[in-house]
Amino acid sequence: MVAAALVVPFLVRLVLSVPDWVTLVALAVSVAGAVAVVRQIGFQREQRALRVEAARAQQVKAAETEAPPREEHHVPAIPVDSAEPYYRFTLSCTVCWRPNGPLPQHANPRGLAVHAVLERARQVTVQGSPADPDGVQVRLAAELGAHLSDRTGQITAWAEDVGLTVPPEDAERLKRLQDVRKEKQIRDHERELEQAARAYLTSEVLSDPGKAVVWWLARHPEQVREAAELLPTFAQLSAAAHGTEVYLERQARPQLEESD
9 MVAAALVVPF LVRLVLSVPD WVTLVALAVS VAGAVAVVRQ IGFQREQRAL RVEAARAQQV
69 KAAETEAPPR EEHHVPAIPV DSAEPYYRFT LSCTVCWRPN GPLPQHANPR GLAVHAVLER
129 ARQVTVQGSP ADPDGVQVRL AAELGAHLSD RTGQITAWAE DVGLTVPPED AERLKRLQDV
189 RKEKQIRDHE RELEQAARAY LTSEVLSDPG KAVVWWLARH PEQVREAAEL LPTFAQLSAA
249 AHGTEVYLER QARPQLEESD
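Adding 8 to a residue's 1-based position in the sequence shown gives its number in our numbering.
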């Protein structure tokens, strides 16, 4: 547009042979007119964009205004499964829902909402330990707080004020089971330690009297005489550990028979 405004005065000058000052005046007028036209076009585009944005905002506002109000129903206590087959959580919450369409399509939307929330709740609780209801409750509140359509697509349901507990008698049983498991774990470790010590003594230390003496000397390197005196004792211990006769007794038996 501006380029055309610059070219036209020069073409007129060449064709009509007008004076230079007339050409300059015509050039100024052409440029001013072109700038005015460009501004007018930009203004019209801006106004058109503003009208489109205003119409879009009005549509959004109208949609929000026409959205059906939410409804809610308090669920005081309902059992839901846990990860343990014999223990269940007690769920309490406020079930909220809103129809997805302008007209109701189900005779009992409250039942749809409660059913949808319970299905989502069970997907969380069946993976949770009844010994940790607080931790499961945090995950459950996060899951049920999302506004999601039910499987029929007729309503959007969610839950607020989510609470999750374990019945007191079950909580007491779980506490006792935890204590028993802890005690059993300690006893298992003690038993493993004892078995390892017995295996070490039987297969290594008391496999024969000589190894027993070496083992004792390793712990008492300065008591060589005492080690020699303890040799019969180690022989008896080795024989007892393996269920065999004492070596020294076998050596002494022929001598006793010869003396007889």
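Idealized CB from N, CA, C, for every residue including glycine.
My understanding is that V170 touches A149, with C-beta atoms under 8 Å, so please give their C-beta distance in whole angstroms. Residue mapping note: residue 170 aligns to position 162 of the sequence shown, counting from 1. Residue mapping note: residue 149 aligns to position 141 of the sequence shown, counting from 1. Your pair V170 and A149 checks out as a contact, with CB atoms roughly 4 Å apart and the cut at 8 Å.
Assign E265 to buried or exposed, taking buried as 16 or more other Cβ atoms, counted over all protein chains shown, within 10 Å of its Cβ. Stepping through the sequence shown from its first residue, residue 265 is reached at position 257. Its pLDDT being 49, under 50, E265 is placed unreliably in this model, and the value from its coordinates should be taken loosely. That one is exposed.
Give the secondary structure of E92 by DSSP, where H, G and I count as helix, E and B as strand, and everything else as coil. Within the sequence shown, the letter at position 84 stands for residue 92. The answer is coil: DSSP assigns E92 none of H, G, I, E or B.
To test your reading of the DSSP string, which unbroken alpha helix (DSSP H) runs of 4 or more residues are found completely within the segment 144–203? Annotation note: the segment 144–203 contains no uninterrupted alpha helix (DSSP H) run of length 4 or greater.
Three-pair Cβ contact test at 8 Å for the segment 199–214 versus the segment 160–174: no
Is S137 helix, strand or coil by DSSP? In the sequence shown, counting from the first residue as 1, residue 137 sits at position 129. Correct three-state label for S137: coil.
Simplified DSSP state of P240, which is helix, strand or coil: Along the sequence shown, one-based indexing puts residue 240 at 232. In this structure, P240 counts as helix in the three-state DSSP scheme.
Identify, in the order they occur along the chain, each residue of the same chain with its Cβ nearer than 8 Å to the Cβ of H228, setting aside the five sequence neighbours on each side. Translated into positions along the sequence shown, residue 228 becomes position 220. Cβ within range, chain order: E234, A235.
Cβ neighbour criterion (16 or more within 10 Å) applied to Q263: The residue labelled residue 263 in the question sits at position 255 within the sequence shown. Residue placement at Q263 is flagged as unreliable, the pLDDT there being 49, under the threshold of 50; a coordinate-derived value is accordingly withheld.
Can you check whether the CB of V125 is closer than 8 Å to the CB of V146? Sequence index remark: in the sequence shown, residue 146 carries index 138 (1-based). Sequence index remark: in the sequence shown, residue 125 carries index 117 (1-based). Cβ distance not < 8 Å, so V146 and V125 don't count as in contact.
Going by other Cβ atoms of all chains shown within 10 Å of its Cβ, with 16 needed for buried, is A65 buried or exposed? As a working mapping, residue 65 is identified with position 57 in the sequence shown. Exposed is the call here.
In angstroms, rounded to a whole number, what distance separates the CA positions of R199 and R96? By 1-based counting over the sequence shown, the position of residue 199 is 191. By 1-based counting over the sequence shown, the position of residue 96 is 88. Using only the alpha carbons, I get a separation of about 35 Å.
A115 lies in the alpha helix (DSSP H); which residues open and close that run? Numbered from 1 along the sequence shown, position 107 holds the residue referred to as residue 115. Careful: A115 lies outside any alpha helix (DSSP H) and carries neither H nor E.
Going by Cα to Cα distance, which pick from E180, A249, Q52 is closest to V213? Numbered from 1 along the sequence shown, position 205 holds the residue referred to as residue 213. Among E180, A249, Q52, the Cα nearest to that of V213 belongs to A249.
Taking DSSP as the reference, what is the three-state secondary structure of S100? Position 92 of the sequence shown, counting from 1, holds the residue named residue 100. Three-state result, S100: strand.
Give me the Cα-Cα distance between Q55 and R47, rounded to the nearest whole angstrom. Indexing the sequence shown from 1 puts residue 55 at position 47. Indexing the sequence shown from 1 puts residue 47 at position 39. So the two alpha carbons sit approximately 12 Å from each other.
Using 8 Å as the cut-off, can you tell me whether the segment 181–199 makes contact with the segment 155–169, which would need three or more C-beta pairs spanning the two stretches below that distance? In short, these stretches do not touch, since the Cβ pair count stays below three.
Tell me the rounded alpha-carbon separation between H81 and V60. The sequence position of residue 81 within the sequence shown is 73, counting from 1. The sequence position of residue 60 within the sequence shown is 52, counting from 1. For H81 and V60, the distance between alpha carbons rounds to 41 Å.
6 Å Cβ shell around S137 - same chain, five flanking residues per side excluded: Along the sequence shown, one-based indexing puts residue 137 at 129. Only A91 meet the Cβ criterion.
Sorted by chain position, which residues of the same chain lie with C-beta nearer than 6 Å to V232's C-beta, five sequence neighbours on each side aside? On the sequence shown, position 224 is the one that residue 232 refers to. Excluding sequence positions up to five before and after V232, its CB lies less than 6 Å from no other CB in the same chain.
For E79, which beta-bridge partners are listed by DSSP? The sequence position of residue 79 within the sequence shown is 71, counting from 1. Paired residue(s): W105.
Alpha helix (DSSP H) segment containing G251, residue limits: For the purposes of this step, residue 251 is taken as residue 243 along the sequence shown, with counting starting at 1. That residue, G251, is in no alpha helix (DSSP H); it is neither H nor E in DSSP.
Buried or exposed for D178, going by 16 or more other Cβ atoms inside 10 Å? Working through the sequence shown from its first residue, we reach residue 178 at position 170. So D178 counts as buried.
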